[in-house]
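Notes to accompany the following structure.
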Amino acid sequence: MASLNSEFLGIKSPNPFWLASAPPTDKEYNVRRAFQAGWGGAVWKTLGFDPHIVNVNGPRYGAVWTGDRKLLGLNNIELITDRPLQTNLDEIKIIKREFPDRALLVSLMVPCEEAPWKKILGRVEETEADGVELNFGCPHGMSERGMGSAVGQVPEYIEMVARWVKSNTRMPVLVKLTPNITDIRFPARAAKAGGGDGVSLINTVSSITGVNLDTFSPEPTIDGKGTHGGYCGPAIKPIALNMVAEIARDPETAGFPLSAIGGITTWRDAAEFIALGAGNVQICTAAMTFGFRIIHELTEGLRLWMEEKGIDAIDDFRGRAVPNVLDWQYLNLNYVTKARIDQDLCIKCGRCFAVCEDTSHQAIRINPGREFEVIDEECVACNLCVNVCPVENCITMAELQPGEIDARTGRVVEKEYSNWTQHPNNPAACAAE
Amino acid sequence: MPNSARTPGVAPGRLPRETIDGHFSDLHPEFSRHEAAIEAERCYFCYDAPCIDACPTGIDIPLFIRQIAAGSPDAAAMTIFDSNILGGMCARVCPTETLCEEACVRNDAEGKPVEIGRLQRYATDALMATGEHPYERQPPTGRRIAVVGSGPAGLACAHRLAMKGHDVVVFESRDKPGGLNEHGIAAYKTVEKFAEREIEWLTAIGGITIEFGRSLGSDLVLEDLTRTFDAVFLGVGLAGANALGIGGEDLANVESAVDFISRLRQSEDLTELPVGRDVVVVGGGMTAIDAAVQSRLLGADSATIVYRRERERMGASEYERNLAASKGVKIETNARPLEIQGGRRVRDIRFERTRTGADGIESTGETFRIDADQVFVAVGQKLAIEASLVEFERGKIKVGEAGRTCHPRIWAGGDCASEGDDLTVTAVAQGRDAAEDIHKSLA
Chain A
0 MASLNSEFLG IKSPNPFWLA SAPPTDKEYN VRRAFQAGWG GAVWKTLGFD PHIVNVNGPR
60 YGAVWTGDRK LLGLNNIELI TDRPLQTNLD EIKIIKREFP DRALLVSLMV PCEEAPWKKI
120 LGRVEETEAD GVELNFGCPH GMSERGMGSA VGQVPEYIEM VARWVKSNTR MPVLVKLTPN
180 ITDIRFPARA AKAGGGDGVS LINTVSSITG VNLDTFSPEP TIDGKGTHGG YCGPAIKPIA
240 LNMVAEIARD PETAGFPLSA IGGITTWRDA AEFIALGAGN VQICTAAMTF GFRIIHELTE
300 GLRLWMEEKG IDAIDDFRGR AVPNVLDWQY LNLNYVTKAR IDQDLCIKCG RCFAVCEDTS
360 HQAIRINPGR EFEVIDEECV ACNLCVNVCP VENCITMAEL QPGEIDARTG RVVEKEYSNW
420 TQHPNNPAAC AAE
Chain B
0 MPNSARTPGV APGRLPRETI DGHFSDLHPE FSRHEAAIEA ERCYFCYDAP CIDACPTGID
60 IPLFIRQIAA GSPDAAAMTI FDSNILGGMC ARVCPTETLC EEACVRNDAE GKPVEIGRLQ
120 RYATDALMAT GEHPYERQPP TGRRIAVVGS GPAGLACAHR LAMKGHDVVV FESRDKPGGL
180 NEHGIAAYKT VEKFAEREIE WLTAIGGITI EFGRSLGSDL VLEDLTRTFD AVFLGVGLAG
240 ANALGIGGED LANVESAVDF ISRLRQSEDL TELPVGRDVV VVGGGMTAID AAVQSRLLGA
300 DSATIVYRRE RERMGASEYE RNLAASKGVK IETNARPLEI QGGRRVRDIR FERTRTGADG
360 IESTGETFRI DADQVFVAVG QKLAIEASLV EFERGKIKVG EAGRTCHPRI WAGGDCASEG
420 DDLTVTAVAQ GRDAAEDIHK SLA
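Residue numbers (numbering that gives the first Met the number 0), protein chains in the order written: chain A, 0 to 432; chain B, 0 to 442.
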């Protein structure tokens, strides 16, 4: 049987699914329920110094839904914990003793000076927690006070604080990164340079989820006003996947331990992040949408898939997709595909035609009886028809074999790999023939 | 002792009041906002959508559903009303299972079409609930048009003409407008006097006068109308019921199904409406289904529809046939009546078994009887007017494009016209198109 046992930064947990530092991990009560349900670990909601912060007393969350109210994205303006530091520390200690086999880390956010970091680390160590996570990610509220993403947006600060932390604790240190930055590789490199043991990403994306058209105020609305919050949930998964891949394939950070966060909702999402190099995953919005019981779908789904693939352990497929992430310029330009519509599966909605005709390459024709057919002479294989088709696998991309003729270009499909760096249209081509 | 299902003969109050009230409540209750949002989300916004083609009035269905999904039911309603001013009624009575919903690509996808009819009702009800009429009339043209009949064809024609600035006089033979919408459709499809409310809302556009108790052949003469009006639209329906032409049709408790349905629709208290213990309906269309189902809902112990051909050739859709079966109606096919038997009142009917042969319906020689306290004849309706100015074709007024008759100032539409097909929605389309054509001809 495939094993889901996880060891990340030397911290063991029975599965790689941790709850991310967020509202679900704010209290002993919640974390106990999570561990009873079977979660492998949790990162306690971010602690700060007393006097503890206060939260707004109006709505904290906004959301984006599909028309049938499936939650696509959640936006949060809640700050770090709003309970006294000692209360949290006491509860952390109780939970760790009650669940010694689970990973329990503590997220921290204090002012950007060495003394406060040193002070709080000592307090956390007394709880016997397994490690700390430095919250350099939250984009709302705390960043106005010089913390959270205000640190995460300056690689020099990340490196500096990571170094302070490492020199003041024996605990493993995870550096949590903000996605609200142009190139995620720089903060990751800084975390490593500062001696951090790994990075966790992504924290939430700065966002406004909507505008109320009666009151003309942003959502969520507090007394007619609003502020940007942190966006999370399924909508941000593609952003997170890319950022994780960027770090995993950066020669300076390749192999650096990485805990993936960002819209992980099913076991499949988790497997994708692990394939892109993540050592484990952290989840919040899925739990905040469905409750802790989703852990059974996550663990059993991942285990079953691993067994089907003949994979025994998490580490055995970790990073397997990383070599396949390239810069655009290295993609094979001699790989030619054409859209193919399976007439037996087609329900004749015509969406492929509408979008190809209006917004792409006029490469689909309508035959009598609403039969939709691809015109190979026009099809550039953009994949838009595949993406808008409501029926899975009805439209697929068929690969032309070497020797076949691409009806659009009239050229014979070449067997050899050839990319932009070699293309004659590239003024800087290095191997043009 | 109160009456029961087993009380012999034709009797009222076979069921308790609460049961009858429940039986005649809305067949398809209105969508809540939540249900509408979920259902609207199912529409794929097809290109050149098949549902539009399948709608006789050509409503832009994907557009109105998208407008519902976007939270604008009023905009959705306007999309509907622009094509079909009786969109509220059509949402209730259209056999959507053979029209828009039959064409929905979701049938191929998962065997369950988008519930277009109920979404249409959601949108149209929302706008009509505001109590305001959404259209403004164009400046008065000074032209006057006579519309004969206030059924769906006449009303659609009148509204479109009024919109164009013309003045319309509608002549209605009964004392209440609506035609089959008011008199002919099963009560559970249009509850709470919807037909009446809809006409009130529709005529609020102004410029439409309805004169009651006026019909062609009695006090109206077509020649006079063509002289006193700029144009005439005939939407007189098929007011005569076909007879079976067999012995015993004159016995008591034998009548046309449309009369029964009309009486039921106009009844203020259904517990006082008498119905037979054993009801037999002869016919195979929607009217037969409506009569049989409503007999059962009133408490008839048995209701049997007898149709002369095979089940799949019945005019009633499969959905309607299944609805009848679910209400305990028995459908007997391949049988035709030979004689209605009884003393003063009907007692039973003798039928012969039929089969479809090379020359149509043939007798098998086998006969059987069905007990009947009440018999409804539903073998079609016929035109009840004679007029010299128009031509007829297979018993209906012959029309060409846009309902034009051979007379340059007379148009016709709905069931009375040769292009009619017994559907409210077709009648609406024909009334509307005739109005556009009349308007063009008056320009």
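Virtual Cβ for every residue (Gly too), placed ideally from N, Cα, C. Keep in mind the model is a prediction, meaning the values are calculated, not measured.
Alpha-carbon spacing of residue i relative to residue j, whole angstroms
i                 : j                 : result
Ala323 of chain B : Val292 of chain B : 6 Å
Tyr416 of chain A : Ile260 of chain A : 35 Å
Thr6 of chain B   : Ile144 of chain B : 52 Å
Val385 of chain A : Val104 of chain B : 17 Å
Ala19 of chain A  : Leu107 of chain A : 13 Å
Ser362 of chain B : Gly8 of chain B   : 31 Å
Ala1 of chain A   : Phe34 of chain A  : 21 Å
Arg431 of chain B : Ile60 of chain B  : 18 Å
Asn14 of chain A  : Glu97 of chain A  : 17 Å
Gly140 of chain A : Lys224 of chain A : 15 Å
Glu432 of chain A : Trp419 of chain A : Bear in mind that a pLDDT of 46 at Glu432 of chain A, under 50, signals an unreliable position, so the model cannot answer this.
Ala152 of chain B : Gln429 of chain B : 6 Å
Leu243 of chain B : Ile437 of chain B : 39 Å
Val164 of chain A : Leu297 of chain A : 33 Å
Ala433 of chain A : Gly86 of chain B  : Only positions 0 to 432 of chain A appear in this structure, which leaves residue 433 of chain A out of reach.
Leu70 of chain A  : Ile204 of chain B : 43 Å
Met242 of chain A : Gln119 of chain B : 46 Å
Lys347 of chain A : Arg369 of chain A : 6 Å
Per DSSP, the bridge partner or partners of residue i
i                 : result
Gly72 of chain A  : A:Val63
Met396 of chain A : A:Ala338
Thr353 of chain B : B:Ser362
Ala230 of chain B : B:Ile144
Gly25 of chain A  : As written in the sequence, residue 25 of chain A is Asp, which differs from the Gly given in the question. Per DSSP, none; premise fails for Asp25 of chain A.
Pro336 of chain B : B:Phe350
Glu254 of chain B : B:Phe375
Thr208 of chain B : B:Val168
Gly298 of chain B : In DSSP, Gly298 of chain B forms no bridge with anything.
Thr18 of chain A  : For the sequence presented, residue 18 of chain A should be read as Leu rather than Thr. BP columns for Leu18 of chain A point to A:Ala41, A:Ile282.
Glu132 of chain A : A:Ser106, A:Leu173
Leu200 of chain A : A:Ala259
Tyr187 of chain B : Looking at the DSSP assignment, Tyr187 of chain B forms no beta bridge with any residue, so it has no partner.
Neighbouring residues, chain C, relative to residue i (Cβ below 7 Å)
i                : result
Asp67 of chain A : Note that chain C does not occur in the displayed structure, where the protein chains are A and B.
Simplified DSSP assignment, three categories, for residue i
i                 : result
Lys192 of chain B : coil
Pro217 of chain A : strand
Ile58 of chain B  : coil
Phe44 of chain B  : coil
Lys118 of chain A : helix
Phe391 of chain B : strand
Val220 of chain B : coil
Leu38 of chain A  : A small correction: the amino acid at residue 38 of chain A is Trp; Leu does not occupy that position in the sequence shown. In this structure, Trp38 of chain A counts as coil in the three-state DSSP scheme.
Gly275 of chain B : strand
Tyr306 of chain B : coil
Cys137 of chain A : coil
Asn333 of chain A : coil
Ala312 of chain A : strand
Arg173 of chain B : coil
Glu432 of chain A : Unreliable positioning characterises Glu432 of chain A in this predicted model, as indicated by a pLDDT of 46, which lies under 50. A coordinate reading is not provided.
Integer-rounded CB distance, given that residue j should sit under 8 Å from residue i
i                 : j                 : result
Ile245 of chain B : Pro336 of chain B : 6 Å
Asn167 of chain A : Leu120 of chain A : 5 Å
Cys54 of chain B  : Cys99 of chain B  : 5 Å
Thr286 of chain B : Leu388 of chain B : With a Cβ gap of about 30 Å, Thr286 of chain B and Leu388 of chain B do not count as contacting.
Ile79 of chain B  : Ile58 of chain B  : 5 Å
Ala371 of chain B : Ile348 of chain B : 6 Å
### Query
Which residues, in order along the segment 345 to 359 of chain A, keep a beta-carbon less than 7 Å from a beta-carbon of chain B?
Ile346, Lys347, Cys348, Gly349, Arg350, Phe352, Ala353
### Message
Please list, in chain order, the residues of the segment 223 to 235 of chain A that have any C-beta partner in chain B closer than 7 Å.
### Response
none
### Message
Short of 8 Å Cβ to Cβ, which residues in the segment 367 to 394 of chain A face chain B?
### Response
Arg369, Pro389, Val390
### Query
At a Cβ cut of 7 Å, what residues of the segment 103 to 114 of chain B count as close to chain A, listed as they run along the chain?
Val104, Asp107, Ala108
### Message
Any C-beta of chain A within less than 9 Å: which residues of the segment 42 to 64 of chain B qualify?
### Response
Tyr43, Phe44, Cys45, Tyr46, Asp47, Ala48, Pro49
### Task
Name, going along the chain, the residues of the segment 65 to 90 of chain B whose beta-carbon falls closer than 8 Å to a beta-carbon of chain A.
Ala68
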